[in-house]
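To start, the structure under review is shown below, and the notes come after it.
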Amino acid sequence: MRLIDLEHDPKKEGNPIFWKTSCANNRASGLGKGLFISFEGGEGAGKSTQIRLLAARLRDYARELVTTREPGGTALAERLRDVILSGRAKTFGPLGEAVLFSAARIDHIDRLIAPALGRGAVVLCDRFADSTRAYQGARGEIDDTVMAALENATVADCRPDLTFILDIPPEIGLERARARRGEGTADRFEGEDLSFHWQLREKFLGIARADPERCRVIDADRPQDAVAASIWEAMAEKFRRREHEAAEGVS
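So the sequence shown is numbered by the UniProt record's numbering: it starts at 1 and just counts up by one.
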């Protein structure tokens with residue numbers, strides 16, 4: 001599957017890799033010719049910042065660039081986001097919250113992500129299914145097989161081509177999150193105790209270990225530019241490999 005070409009671009013100072021979208025083949029999932037990249041990690045890891053920086057760098061190269069978030073991304077999903085993050089969904093219990101996340105994701109996929117990929121867009125998503133698995137599983141209150149079944153039913157073939165897991169010690173991430181919100185109220189998950197956030201970090205790292213082809217763990221406890229450089233290089237490495245496999249006839 002040929003997703004993109006990687007070439008040295010002498011015209012772009014500071015950009016060693018030139019990204020050129022290819023129209024040759026559809027994604028194996030059947031959702032189109034686009035590229036789906038998700039960003040994951042605990043509170044204060046800097047996902048939205050890194051999405052903004054990557055989007056700025058890719059904007060000249062992608063035929064269409066879409067940035068979105070979960071829960072959210074559509075009118076219905078944004079309303080469900082408010083219910084979840086306000087804490088009102090907590091009364092439904094862990095499984096009920098997971099179902100609400102999944103309902104928001106179904107609408108998000110059907111109305112935004114899948115159509116964008118079908119048009120050949122690059123989609124950058126702030127959280128996706130890995131977050132539901134990690135956050136709802138951090139307390140160990142939902143069986144892993146139940147979470148896997150819910151995820152498979154919700155996501156089907158719409159899965160990221162590449163996932164960046166921004167890793168940061170919870171104490172540092174939470175301090176960043178507090179500084180970001182100022183006098184505002186912590187949301188449903190940011191307000192959990194520190195032990196929850198350590199479990200959350202381990203869940204994300206476990207996801208990365210289980211799926212090393214898709215996931216790249218990025219040390220987020222560094223300056224923004226250093227994190228962005230690591231993300232750019234990881235993208236280059238990932239798709240050099242894809243191009244090599246395509247040339248060798250590997251499906």
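We put the CB at the ideal spot given by N, CA and C, even for glycine.
DSSP beta-bridge partners of residue i
i, result
"Asp157", "According to DSSP, which records beta bridges pairwise, Asp157 is partnered with nothing at all."
"Glu40", "Ile165"
"Thr49", "Partner(s): none; Thr49 has no beta bridge."
"Val217", "Ile165"
"Leu35", "Val122"
Backbone CA spacing between residue i and residue j [nearest angstrom]
i, j, result
"Val66", "Ala104", "18 Å"
"Glu190", "Trp232", "28 Å"
"Arg81", "Phe101", "8 Å"
"Asn25", "Gln136", "Because Asn25 sits at a pLDDT of 34, beneath the cut-off of 50, its placement in the model cannot be relied upon, and the following sentence gives the value as read from the coordinates. Approximately 36 Å, taken between the alpha carbons."
"Ala247", "Ala56", "30 Å"
"Ala234", "Ala77", "30 Å"
"Ser29", "Asp157", "Any reading at Ser29 needs caution, since the residue's pLDDT is 39, under 50, leaving its predicted position unreliable; the model's value is listed next. Approximately 5 Å between the Cα atoms of the pair."
"Glu70", "Arg209", "23 Å"
"Arg88", "Glu192", "15 Å"
"Gly206", "Asp167", "12 Å"
"Lys203", "Asp144", "11 Å"
"Leu200", "Gly173", "12 Å"
"Ala45", "Thr163", "14 Å"
"Ile51", "Val146", "31 Å"
"Val227", "Ile165", "11 Å"
"Cys215", "Ala138", "19 Å"
"Gly41", "Glu175", "15 Å"
"Phe196", "Ser38", "23 Å"
"Ala220", "Lys238", "19 Å"
"Ile106", "Phe128", "11 Å"
Assigned secondary structure, residue i (DSSP; H/G/I helix, E/B strand, else coil)
i, result
"Asp110", "helix"
"Thr132", "helix"
"Arg127", "coil"
"Thr74", "coil"
"Ala177", "helix"
"Arg69", "strand"
"Asp60", "coil"
"Glu97", "helix"
"Ile172", "helix"
"Phe189", "coil"
"Glu141", "coil"
"Ser86", "coil"
"Arg222", "coil"
"Ile248", "According to the sequence as given, residue 248 is Glu; it is not Ile. Three-state result, Glu248: coil."
Assigned exposure category for residue i - 16 Cβ within 10 Å defines buried
i, result
"Glu151", "buried"
"Ser86", "exposed"
"Ala229", "exposed"
"Glu245", "exposed"
"His8", "At His8 the pLDDT is 36, less than 50, meaning the model places this residue with poor confidence and gives no usable figure here."
"Arg159", "buried"
"Ala148", "exposed"
"Leu117", "buried"
"Asp161", "buried"
"Asp130", "buried"
"Glu43", "buried"
"Leu194", "exposed"
"Ala75", "exposed"
Assess, as a yes-or-no matter, whether the stretch 88–100 is touched by the stretch 43–61 under the definition of 3 or more beta carbon pairs within less than 8 Å.
-> With fewer than three CB-CB distances shorter than 8 Å, the stretch 43–61 does not count as touching the stretch 88–100.
Evaluate the contact criterion for the stretch 123–138 versus the stretch 38–56: three or more CB pairs, one atom per stretch, below 8 Å.
-> A contact exists between the stretch 123–138 and the stretch 38–56.
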